[in-house]
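What follows is a single structure, written as structure tokens, with notes after it.
Residue numbers (UniProt numbering), protein chains in the order written: chain A, 1 to 320; chain B, 1 to 149; chain C, 1 to 500.
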């Protein structure tokens, strides 16, 4: 609370100096909680480049990987709320960490305010080609017939590939066993090799295995059918209610950043995401451009935080 | 030479010390069962390996008189110090002063220090390193700064 | 895709201007550090690792690999000229290379080793191109149990190669494994040995470990030492022209050395170049009709080991890139570089990133051509590098360590860590701990544990899973045989002279 107050005062002082009118008048930094490479980094660089082009100021993308995103998120949470420090968040740092960890050095809800969502990567449920089920319905029947038999791979404890199947298990009343891997690629390879039965993975990272026939696609975790694979049913269609999640990235600012700056950034980002070149860069990495209003982004964060808290508690997941 | 500088004996004591510390810390983690192994099992096993190999080395060390490679105290202190001072100053004073301090401190490893060489290094190396790391690679560190917090 | 298609992809990637430049930088830097005694290629690659994080992944790896095989070329120059191996793997070259220099045949020795390096590399690269795709396809069906057993063999092999006390060797590997598991446990999410520092949640960066054990240690050992060695021989272009007889005498040794080197390089944990070079030397000495010439400037004594260590440097990439299992400390660093770029090494790399794999393979060929062409006119320059005074070298390296470590995550924490770990590393190495198996252990540690626990999680605690899967069983049997062989071998009294 003290920090919020200080932030508010700082914001008023800053606005008094007419900082908002000529924003930006110096370089903007986007803090990224991951190492270079990967969708979050790519989203940051693409948006950074676009902002720099449209606002005429340099945009520095600073990778501060590590500590489950703690390091970058904490640095961003403590930065001056003047619009010159932004933070590229995703499901983990903004919606999962608060429930996963007993104690985080930043407050994902109170320390940040939304700017705009940037990208969206749909997730799909796939099964090994030799599994005794070929559709989502058959999978549900098999999982209910022998509780605890079916194994699923994830990219690690508390990742979206871990929580999405747990969500499915919770809503669909299933008992499936978690086998963690280190990263999304090994998790996908494990389904292809038949070491595990199923996995929730991003469509883009699994495409080689779908094309080669090593895995079959059962369903998508999005609320609506997804563009790259329109014939795949959603989990909701398949009879497991409420499931609606994907891998997204979204730009945040420290709490207390003036609304005028946030709104200006939001509309500029919407314009950048509409550029064909930008859309092409992102789509090639399997991420669709995902502009949104700040209110929609807020609502999504609220919904997911509550949802993940329930899943993590129900499944008894914890990181110490 | 004091006996603590004997090679196998010293190495054994180091391994033993690390091993005991590792075992103690590992026991605070869950050990688990084969089907659901806890995070403590593997470090515990490695700690035991260290303790055993430490004891083995100490026993050979009782017979083997071979001495450890002579350690050079001056470089040990100065090089470590130069890195610590760099870490302390790079964000507070900036890249250029931090680098200069590092070069001079590590140069003090030599006795007597070759001041001319260190001066040349400061003049030539720091701009080159600044160009390579800060300008070319974009590492976010200021050349000069003053924010002692 | 056929081999030709693959090579076309590779050519397109390797011959872009950017990758050519990175290749040129890599091999040149490799040559320089290879020549300079005191900076091994492990030190050099450790120092330059952070730089590659800023390059695109293919370019970065092209450069790293270039440093590695460039240093293999350069290493033999110091061996031949001043009887001091620039890198560990060229230690054998001293045996016959320096005698040749004293006989006034330095130029011949230098050119023969250059040719041997080139031929050895090319043969191993062809092997890499032919063997990797089928191996990767087979590896797609490997399970956690198989990976565990393969890596166990690698660690056992690395352990058996340790020269000094077996106890200290085992402790070195254990310390490496422990350093590797610092951070978040994959299987449970528990933070281990992090002492509450979020900077350690993802583990200690490979750059910090490598810089501490190969950078700081090296600096503390060598800073402020006066280097005294005689550099008398002059090398002119004319003296480098090999005679017809020299070429004829080295033809078969080069081919045999290439074969030995390629085979040894593929083995996990075989320690790369130095083991290959020693084996090739032993083979030549045994086959020679004039074994008494060895040690007195036998041309086969430099050509075979030189071909072998370069071949091993290239074929070591086969298990690293197709299985994600590094054979030695350098491959562990290459693996670390891939991970930092977000690429999980493993059988999917060839399918996922064909331009990375084939571009890298073709860049090896390009790099070796560059080295061959570069070396003949520039040999004089390389030889002169031997005169750089250490007073200038080591403060510069220290700065490079600090900035390099800082640049990985832009936090000073890592610099404090490298200072502390570096000091500990120096003391440990002085007492006989071995940094190379330690680094291999550091990279393999989390992988071994993860695969071991996962295999048992899937088998629900049944240890038979390691024997029931045929691939896993084969590698476990090999590991056990290796251990038995070493134990039996150490019992029979050795007649060979002891290492000093």
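Here a beta-carbon is modelled for each residue, glycine too, at the ideal position from N, C-alpha and C.
Inter-residue spacing [alpha-carbon to alpha-carbon] between residue i and residue j
i: residue 225/C; j: residue 398/C; result: 15 Å
i: residue 147/C; j: residue 346/C; result: 10 Å
i: residue 568/C; j: residue 189/A; result: Given that chain C is displayed from residue 1 to residue 500, the structure contains no residue 568/C and the question cannot be resolved.
i: residue 9/B; j: residue 64/B; result: 8 Å
i: residue 205/C; j: residue 104/A; result: 22 Å
i: residue 445/C; j: residue 120/C; result: 32 Å
i: residue 194/A; j: residue 298/C; result: 55 Å
i: residue 210/A; j: residue 216/A; result: 6 Å
i: residue 97/A; j: residue 77/C; result: 55 Å
i: residue 364/C; j: residue 189/C; result: 40 Å
i: residue 401/C; j: residue 200/C; result: 19 Å
i: residue 312/C; j: residue 15/B; result: 33 Å
i: residue 84/A; j: residue 305/A; result: 27 Å
i: residue 134/A; j: residue 126/A; result: 9 Å
i: residue 96/C; j: residue 302/C; result: 6 Å
i: residue 510/C; j: residue 172/C; result: Limits of chain C in this structure are 1 at one end and 500 at the other, which puts residue 510/C out of reach.
i: residue 409/C; j: residue 64/A; result: 5 Å
i: residue 171/A; j: residue 56/A; result: 48 Å
i: residue 152/A; j: residue 411/C; result: 36 Å
i: residue 182/C; j: residue 300/C; result: 47 Å
i: residue 127/C; j: residue 46/A; result: 40 Å
i: residue 101/B; j: residue 429/C; result: 27 Å
Three-state secondary structure assigned by DSSP to residue i
i: residue 78/A; result: helix
i: residue 112/A; result: strand
i: residue 191/C; result: strand
i: residue 103/C; result: coil
i: residue 178/A; result: strand
i: residue 151/B; result: Limits of chain B in this structure are 1 at one end and 149 at the other, which puts residue 151/B out of reach.
i: residue 130/A; result: coil
i: residue 63/A; result: strand
i: residue 116/B; result: helix
i: residue 289/A; result: strand
i: residue 6/B; result: strand
i: residue 190/A; result: helix
i: residue 62/B; result: helix
i: residue 202/C; result: coil
i: residue 34/B; result: coil
i: residue 18/B; result: helix
i: residue 146/B; result: coil
i: residue 142/C; result: coil
beta-carbon residue i near the ligand FMN non-hydrogen atom, thresh 7 Å
i: residue 237/A; result: You won't find the ligand FMN in this model; it holds no ligand whatsoever.
Same chain, Cβ closer than 7 Å to residue i, five either side skipped, listed in chain order
i: residue 15/A; result: Caution is warranted here: a pLDDT of 47 is assigned to residue 15/A, below 50, making its placement in the model unreliable, and the coordinate value is therefore given only provisionally. Within the same chain, residue 15/A has close Cβ partners 258.
i: residue 4/B; result: Residue confidence for residue 4/B is low, a pLDDT of 48 falling below 50, so the modelled location carries little weight and cannot support an answer.
i: residue 168/C; result: 432, 433
i: residue 22/C; result: 55, 59, 62, 63
i: residue 287/A; result: 39, 43, 119, 120, 121
Sequence-distant residues of its chain with Cβ nearer than 8 Å to residue i (five each side left out)
i: residue 11/A; result: Its pLDDT being 49, under 50, residue 11/A is placed unreliably in this model, and the value from its coordinates should be taken loosely. Around residue 11/A: 81, 82, 256, 257, 258.
i: residue 376/C; result: 111, 114, 237, 240
Own chain partners of residue i with C-beta closer than 6 Å, once the 5 adjacent residues on each side are dropped
i: residue 315/A; result: 166
i: residue 422/C; result: 212, 216
i: residue 144/C; result: 451, 454, 455
i: residue 340/C; result: 53
Test: residue i CB closer than 8 Å to a CB of chain F
i: residue 144/B; result: Among the chains of the structure shown, chain F does not appear; the protein chains present are A, B and C.
Could you name the residues of the region 328 to 343 of chain C whose beta carbon sits closer than 8 Å to any beta carbon of chain A, in the order they occur along the chain? 340, 341, 342, 343
Residues within the region 111 to 124 of chain B neighbouring chain C, beta-carbon criterion of under 8 Å: 111, 114, 117, 118, 120, 121
Which residues, taken in chain order from the region 97 to 108 of chain B, show a beta carbon closer than 7 Å to some beta carbon of chain C? 99, 102, 103, 106, 107
Chain A contacts from the region 195 to 207 of chain C (Cβ-Cβ distance under 7 Å): 198, 199, 201, 202
Which parts of the region 391 to 479 of chain C are runs of the alpha helix (DSSP H), unbroken and 4 residues or longer, counting only runs that do not cross its ends? 413 to 430, 435 to 458, 465 to 468
In the region 148 to 173 of chain A, which residue ranges form an unbroken alpha helix (DSSP H) of at least 4 residues, counting only runs that do not cross its ends? 160 to 172
Only counting runs of 4 or more residues, tell me where the alpha helix (DSSP H) segments fall wholly within the region 343 to 395 of chain C, in order along the chain. 348 to 352, 354 to 385
Quick one, which residues of the region 457 to 468 of chain C are near chain A if we go by CB-CB under 7 Å, in chain order? 457, 458
Let me know the alpha helix (DSSP H) ranges lying completely inside the region 238 to 299 of chain C, each 4 residues or longer, listed in chain order. 244 to 266, 273 to 287
Mind listing which residues of the region 168 to 195 of chain A have their C-beta closer than 7 Å to chain C's C-betas, in chain order? 179, 180, 182, 183, 185, 186, 189, 192, 193, 195
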